[in-house]
Amino acid sequence: MLFSYVVYTLLVLVVCSATFYVWKNCNVRYSVLLIPSFCYAFLVGMRYDVGADWFSYHDYYIYVLAGGDLDLEFAYVFLNKTVAFFGLNYQAFFIVVALLEILLLYKFLERRRRICFFGVLLYFLIGPFFSSLNLVRQSLAFFVFLYALRYIESRDWKRYAVMMILAFGFHTSSLVLVPLYFVNRIDDSFLNKRILLLGLFALTVLFGSTLMERLGNLFFEMVDAWQYQRYASGFLENSFSYGLGFIGIKLIDLIMICYAAKLNRVFKNEGFTVIWWIYYIGVLIFNMGMANQLTIRMSYCMTSLRFVLLSYLCCYAFLIVKCKTKLVTVVTVCILLFSVMTFYGAIAQGHNGCSPFQFAL
């Protein structure tokens, strides 16, 4: 277990140090981040039996390498066949996946350089890093979606549609992301309606499960895909524990609702509005199912944006108001401490099969 702490801590230090250097020195070319990207890809890609479904993805690739055809989403199959075409071993496949993910993350943050360092740091601490070790297909879909957010902001529906086809090609749950294109039509004034936003949040927590049960039954009648039919029998069974971590996440959700209007005034031109609305919709979906497997899958790409919004909050607290406002500073520091605890707690508990860590040597 100690080795797991060392590897993950070293990974965070290497990637975040390089990101911090580029972030603080505007004259340094952004392409320098290719160095930590390859370090990340190598360390993450060379893992062995790390991630609850690691062996499944390992076996998929070995099967393709032997000439088999996978019955999975087309983009994921294409990626497997492309790597297998060169006769590379399974470690190379996982390295390619990790490299694609980190490069798409940096491309997303390239347009938001003020939050670049905080974004990378929080991606590890409280973002979807550990889940990316397990949910390989859906994580690839998430990073494609992350890149595609620029087309929602610019209202380029054609390019967004192309990116959603690609995301769908990695995981079929990406279909729910298509209507999110229209969040760019929501008036900014709604962010000032804090009582309404908090009220909807509370309603989904208290009464959302009843509505979700009916919608879920309708969904399972319409969809035959085996990936979702396996959730039908246990749709109302909650596989999530309501511990301190869950409570902490819900408190962060409430904080982001309360600070939405203020942060939007500062970061409106850096894509905050679109990201916040997508995240908020995801939180409502998550609340309605209270973390049953279907709502986790449906809301994954949306709620995974939490680390981006927290990056805006950190930038606001430490760089904009420069710790002069006590409340936002205290709140942000507490969130960062909670994020560090979440990171090391995930390693201790083996969240998503992230530990014990071992290399494929």
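Count the sequence shown with this note's numbering and you get residues 83 to 443, in order.
Backbone N, C-alpha and C define an ideal beta-carbon position, used for all residues, glycine too.
- Using a Cβ distance threshold of 9 Å, Y142 and G133 do not count as a contacting pair.
- Per the DSSP secondary-structure output, F441 pairs in a beta bridge with R129.
- Out of P261, I208, R193, V179, the CA that lies nearest to the CA of S221 is found in V179.
- The beta carbon of S437 is closer than 7 Å to those of M83, S86, I429 in its chain, skipping five residues each way along the sequence.
- Straight-line measurement puts the Cα of K408 at about 14 Å from the Cα of L401.
- Beyond the five residues adjoining it in sequence on each side, R237 comes within less than 7 Å, by CB distance, of N266 in the same chain, given in chain order.
- For M83, there is no enclosing alpha helix (DSSP H), as DSSP gives it neither H nor E.
- Cβ-Cβ distances below 7 Å link T424 to L207, I208, G327 in the same chain, with the five nearest sequence neighbours on each side left out; the list follows chain order.
- Here the C-alpha atom of V403 lies approximately 25 Å from the C-alpha atom of Y362.
- Contact between the stretch 190–201 and the stretch 226–236 is established, with three or more Cβ pairs separated by less than 8 Å.
- A distance below 9 Å separates the beta carbons of L204 and C396.
- Under the DSSP assignment, E235 falls in the alpha helix (DSSP H) whose first and last residues are 218–235.
- Per DSSP, G432 lies in no alpha helix (DSSP H) and is assigned neither H nor E.
- Note on the stretch 171–218: whole alpha helix (DSSP H) runs with a minimum of 4 residues are 172–192, 198–207, 211–214, in chain order.
- From the listed residues F120, Y112, L215, the smallest Cα separation to Q440 is found for L215.
- Every alpha helix (DSSP H) stretch that sits fully inside the stretch 335–389 and reaches 4 residues is listed by chain position as 342–349, 354–371, 375–385.
- Inclusion of L273 and A166 in the CB contact set at 9 Å is not warranted, their separation being larger than that value.
- Note on D335: 16 or more other CB atoms within 10 angstroms of its CB, so buried under the neighbour-count rule.
- Judged by DSSP secondary structure, S138 falls within the alpha helix (DSSP H) whose first and last residues are 136–147.
- For the pair V126 and F176, the CB atoms are nearer than the 9 Å cut-off.
- Taken through DSSP and simplified to helix, strand or coil, V159 comes out as helix.
- Annotated as distal: R219 and E352, with beta-carbon spacing of 9 Å or more.
- For L181, the closest of P118, T385, Y172, C108 by C-alpha to C-alpha distance is P118.
- The alpha carbon of P261 has as its nearest neighbour, out of A100, M380, F349, the alpha carbon of M380.
- A direct Cα-to-Cα measurement between L345 and G364 gives close to 19 Å.
- Considering only R347, C340, C416, G281, the residue with the shortest C-alpha distance to N369 is G281.
- The alpha-carbon separation between R388 and L93 amounts to approximately 21 Å.
- If the five residues before and after E155 are omitted, its C-beta is found closer than 8 Å to the C-beta atoms of R219, F250, G251, F252, H253, T254, all from its own chain and listed in chain order.
- Counting the other Cβ atoms within 10 Å of the Cβ of L288 gives fewer than 16, which makes it exposed.
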